[in-house]
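Trainee: Read in order, the letters of the sequence shown correspond to residues 158 to 922 in the numbering used here.
Note that CB positions come from ideal geometry on N, CA and C, so glycine has one too.
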Amino acid sequence: MIPHATFRRRYRQLILLTWTLPPVVGLSFLMFIEMFSPRQMLGILTTPLEPAFILVSLLLTYVYFEHFARPFDAWYGQDPEAHARAVRRQIRRFPLHFWSLFLGYIVMAPASVIIAAEYYTDFHAQPVDWFRIHLVALIVSIIVGLPIFFRIFDLFGEAFGAIRNPRPILTIKTRVFLIGSLVPLLIDTMLVQYYWTRTGYFTFETFFIWLILELLAIAGSLLFMRSFGQSLAPLQQFIQNFSNSHVDPQTKPLSRSTDELGSLTQDLGILLEEQRLHREILGISNRLLRQADSSGNYEELLANIIQLGNTILDDEILFLILFDENSRELVGVIDTFNEYKKEGHYRLRLNEPSLAVSVFKERRSIAIADVRKDPRVSPRMVEKFGLRSALAVPLMIGNHPVGVLLSARRKLTHHYSEHEIQILQAFAQESALIIHTESLNSDRLSAERRYRKLVELAPDAILLLDQDGFISEANQTAGKLFAQPPEQLVGHKLDELFDSRQSEEINRLLYLQPGQTAHIESSLRNQTDRRIMLNIHAGALLLDRHPVLQIIIQDISQRKRLESAITQIVEGISTAIGESFFEAVAIQLSNILGAKGVTIGVIEEDDPETVTTIAFYLDGKMHPDISYPTTDTPCAEVIGKRPRTYADNVQAQFPQDRYLVDMNVAAYSGVPLFDSHGKALGLIATLFANRIEQPEFIESVLQIFAARTAAEIERMRREEHIKYLAYYDTLTGLPNRELLMDRLHLGIAQASRSDTQLALMLLDL
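Below you can see the structure in the form of structure tokens.
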């Protein structure tokens, strides 16, 4: 927005030029066509009539347009919003007022000239002279009025561009029509005048030809307007779709021309379609995470995935087929009509013809419109389920396939679109990560149970109480828990080891009868005065015919912290977007994994071996983003490849990485980020000050959030690309008028705030 003083100065200059240039241009042209002699022209200019007409017209119009501009001055005052409506009204009224006064002035000007010539010189006007001088007036109105009119509206745009207009005031089609019809009129009229002056020949036939040419120019302008309107219509309709609530928001602009506007419309439609796809993928990811969080076991999780897939996809049947490492076969464990069955409802050998086998081996999606005629499809599967069309995508963990997700139709033949394929791919990717994570968790829990059974619960604190409630035995873990040697615990009552507020709850365990068990959760303060959460399991039994109470105490502080951290990170990233999203992921991952630092980085497009962080959390606080080369670093082994963990002594494995030394990093775990097309984006890296004890768990957690992080990075890049299309020409790649005006307004605003001057240099290349 330009300053008020600048607007007023330029506004007055344009109004004054509108009423001072016509006499100069018109009288000069009259001399050129030799309508008046120099002596007659001198007489016209020195008599009172013509100068008085010019000065009075100039004074009246100046006063009128000064009064007309009062709403503009008010808008520049203290409350612009209160005067925005008046400014819009004045701008809409300006063309009528401008052309009414200007054309009235132009129409009266020939009469003032001829009357002055007849009264004060020897000139005697003939009817043809009145016609010629009005042609000159027409030329002047086009040469002077049209450019200044456009320039005034450009000034309005610079000054009041921030005011929202429900509809265009001076449309591009109107500008095209005015230029396309009036410029040929100007040229033809000047040629007729020149021809008339040099030959003295002008007949009705000449006038008729001149009129026909003008009509052809107008017709051509209308045709060009129609073509331009057709090119512009998809963009206008697209904008209207977002302001009309009854219009489908999924509608995208469809190009109706082959020019730059048509190309821009196509590119905008593609970008909107991709952005819509990413939103759907993010929605699928969030829904899958919620389903995984609410599932009680592995079987329920798979059932929830099938149920969710049926609601997202519009197919009739969905198959989840997992790879059995032992038998080297694909096993159909669950589908829309059959519940989970670990041994499988059917099995597919890797050497038999099958769509699922082909997808699994080739690691790519395959869509078949008519499976009955395709040799890649298993005939027994087609016969068993009555399939007509099918779409199958691999379940991938990194670059390793773990199964196939197959969607099919049984009634009608269907040609799967690219959008449907991408949706199923995204669903399969998220499902594979969740299934893999749940499988890892299940294996971990199973291993823990086997370990407890082998060592007879030795890792937990174990206490034996006699029938009077005194401790008779305690293991080493119990001594560590209560910060006393195990032998010193013997002879004490259990409630003496806890706070008085917990004594009543602890003493209730003493009333258990043989065969009965009880379970409570309690807490204890350790030597550092930190509260430890405990899981206490009590079981009454007979030992050597004496009733005893076995107490197994497990420290669940870490589990509680993990549960709390997982809840926080899911809540934190469910609504966050942009930079706040990446910061939330980094902070919460550091908390949940106990990491010294977390970085989320993207590779530079012009330098694939350089990574720039978009979130850098270290030692409990966010740090400014940095760029670093990945050569001879653990990041180089992760980006574009697979998750990698260096559980200990990572500095020795990468001695050239100075950042590991500077940050005192002992262990490292990272997971790559890929976009929806499988292209490497960057990585999430976690840094640890101590040895990593559970690398599989850390990698699983990172993989869960890697897909969501990659999708957010891709979404932000799409937004940046849309902004690029708005500010740069799609054909040349050069900055367009919108970017120039944006930067110019920014520079003017900065100069205004700092009370400095702004220089603008335009070089015509």
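What does the alpha-carbon distance come out to for the pair Thr634 and Leu691?
Mentor: Their backbone Cα atoms lie some 13 Å apart in a straight line.
Trainee: Of the residues Ile299, Ile693, Phe229, Gln423, which one's Cα is nearest the Cα of Leu638?
Mentor: Selected option, being the one with the closest Cα: Ile693.
Trainee: Taking the alpha carbon of Thr493 as the point to measure from, which residue in Ile463, Ile478, Arg504 has its own alpha carbon closest?
Mentor: Comparing Cα positions, the closest option is Ile463.
Trainee: Let's test the definition: count the other Cβ atoms within 10 Å of the Cβ of Trp287 and tell me whether it reaches 16, buried, or not, exposed.
Mentor: Trp287 should be labelled exposed.
Trainee: Less than 7 Å separating the beta-carbons of Ile628 and His649?
Mentor: Yes, Cβ-Cβ distance for Ile628 and His649 is below 7 Å.
Trainee: Since Met690 is in the beta strand (DSSP E), which residue starts that stretch and which ends it?
Mentor: Looking at the DSSP string, the run of the beta strand (DSSP E) that includes Met690 is 688-700.
Trainee: Would you call Lys530 buried or exposed, if buried means 16 or more other Cβ atoms sit within 10 Å of its Cβ?
Mentor: Looking at its Cβ environment, which holds fewer than 16 other Cβ atoms inside 10 Å, Lys530 is exposed.
Trainee: How close, in whole Å, do the beta carbons of Leu844 and Val822 come, if the pair is a contact with beta carbons under 8 Å?
Mentor: That belief holds up - the Cβ atoms of Leu844 and Val822 are roughly 5 Å apart, short of 8 Å.
Trainee: Thinking C-alpha only, which one of Leu295, Ile427, Val340, His834 is nearest Arg521?
Mentor: Nearest of Leu295, Ile427, Val340, His834 to Arg521, Cα basis: His834.
Trainee: Span of the alpha helix (DSSP H) holding Glu509?
Mentor: Careful: Glu509 lies outside any alpha helix (DSSP H) and carries neither H nor E.
Trainee: Using only CA atoms, which one of His902, Ile272, Trp256 lies nearest to Pro208?
Mentor: The shortest C-alpha separation from Pro208 is found at Ile272.
Trainee: Looking at C-beta atoms only, is the number of pairs between the stretch 306-318 and the stretch 268-283 that lie closer than 8 Å three or more?
Mentor: Segments in contact, no.
Trainee: What's the C-alpha gap between Trp176 and Ile190?
Mentor: If you take the alpha carbons of Trp176 and Ile190, they lie about 22 Å apart.
Trainee: Measuring CB atoms only, is the stretch 792-806 touching the stretch 854-864, in the sense that at least three cross pairs come out at less than 8 Å?
Mentor: These segments touch.
Trainee: Would you mind sorting Met265 into buried or exposed? The rule is 16 or more other CB atoms within 10 Å of its CB.
Mentor: When all chains shown are included, Met265 counts as exposed.
Trainee: Considering just the uninterrupted stretch of the beta strand (DSSP E) at Arg815, what are its terminal residues?
Mentor: Not the beta strand (DSSP E): Arg815 falls in the alpha helix (DSSP H), residues 815-819.
Trainee: Near Leu171, what residues of its chain come up, given a Cβ to Cβ distance below 8 Å and the 5 sequence neighbours on each side ignored?
Mentor: The residues are Ile305, Arg308, Ile309, Leu312.
Trainee: If we ignore side chains and look at the alpha-carbon of each, how far apart do Leu202 and Ile211 end up?
Mentor: The alpha-carbon atoms of Leu202 and Ile211 are separated by roughly 10 Å.
Trainee: Taking the beta carbon of Thr570 as the centre, do at least 16 other beta carbons fall within 10 Å, making it buried, or is it exposed?
Mentor: Exposed, because fewer than 16 other Cβ atoms sit within 10 Å of the Cβ of Thr570.
Trainee: Less than 7 Å between the C-beta atoms of Thr769 and Ser784, yes or no?
Mentor: It is a contact, given that the beta carbons lie within the stated cut-off.
Trainee: Count the CB pairs spanning the stretch 555-565 and the stretch 507-517 that are closer than 8 Å, and state whether there are at least three.
Mentor: Contact holds: three or more Cβ-Cβ distances are below 8 Å.
Trainee: Check whether the stretch 214-223 and the stretch 247-267 are in contact - that is, three or more C-beta pairs closer than 8 Å.
Mentor: Touching, yes.
Trainee: Please specify which runs of the alpha helix (DSSP H), each continuous and at least 4 residues long, are wholly inside the stretch 606-679, giving them in chain order.
Mentor: Entirely contained in the stretch 606-679, the alpha helix (DSSP H) runs reaching 4 residues are, in chain order, 633-639, 643-646, 660-664.
Trainee: State buried or exposed for Val244, treating a residue as buried only when at least 16 other CB atoms are found within 10 Å of its CB.
Mentor: Answer is buried; the Cβ neighbour count reaches 16.
Trainee: For Ile491, does the three-state DSSP call read helix, strand or coil?
Mentor: The answer is strand: DSSP assigns Ile491 an E or B state.
Trainee: Under DSSP, the alpha helix (DSSP H) around Gly243 begins and ends at which residues?
Mentor: The displayed chain sequence assigns Ala, not Gly, to residue 243. Run containing Ala243: 237-277, per the alpha helix (DSSP H) assignment.
Trainee: So, with DSSP's three-state summary, where would you put His403?
Mentor: Unreliable positioning characterises His403 in this predicted model, as indicated by a pLDDT of 47, which lies under 50. A coordinate reading is not provided.
Trainee: Please state if the CB of Leu590 and the CB of Ala549 are separated by a distance shorter than 7 Å.
Mentor: No, these two residues do not count as a Cβ contact at 7 Å.
Trainee: What are the complete beta strand (DSSP E) segments, minimum 3 residues, inside the stretch 529-609?
Mentor: With a minimum length of 3 residues, the continuous beta strand (DSSP E) runs that stay inside the stretch 529-609 are 546-554, 557-566.
Trainee: Excluding five sequence neighbours on each side, which residues of the same chain lie with their C-beta closer than 7 Å to the C-beta of Val807?
Mentor: Correct list, in chain order: Pro791, Leu817, Val822, Ala823, Ala824, Tyr825.
Trainee: Nearest-angstrom Cα distance between Ile427 and Ser574?
Mentor: Going from the Cα of Ile427 to the Cα of Ser574 covers about 14 Å.
Trainee: With respect to the beta strand (DSSP E) encompassing Arg801, which residues constitute its N-terminal and C-terminal limits?
Mentor: 801-803 is the extent of the beta strand (DSSP E) around Arg801.
Trainee: From Gly337 to Pro267, what does the alpha carbon distance come to, in whole angstroms?
Mentor: Answer to the nearest angstrom: the Cα atoms are 26 Å apart.
Trainee: Decide if Ser737 is buried, meaning its Cβ has at least 16 other Cβ atoms within 10 Å, or exposed.
Mentor: Per the 10 Å Cβ criterion, exposed.
Trainee: Ala374 and Pro341: beta carbons closer than 7 Å?
Mentor: Yes, the Cβ-Cβ distance between Ala374 and Pro341 is below 7 Å.
Trainee: Compare the Cα-Cα distances from Pro391 to each of Leu651, Phe854, Glu417, Arg848 and report the closest residue.
Mentor: Out of Leu651, Phe854, Glu417, Arg848, Glu417 has the C-alpha closest to the C-alpha of Pro391.
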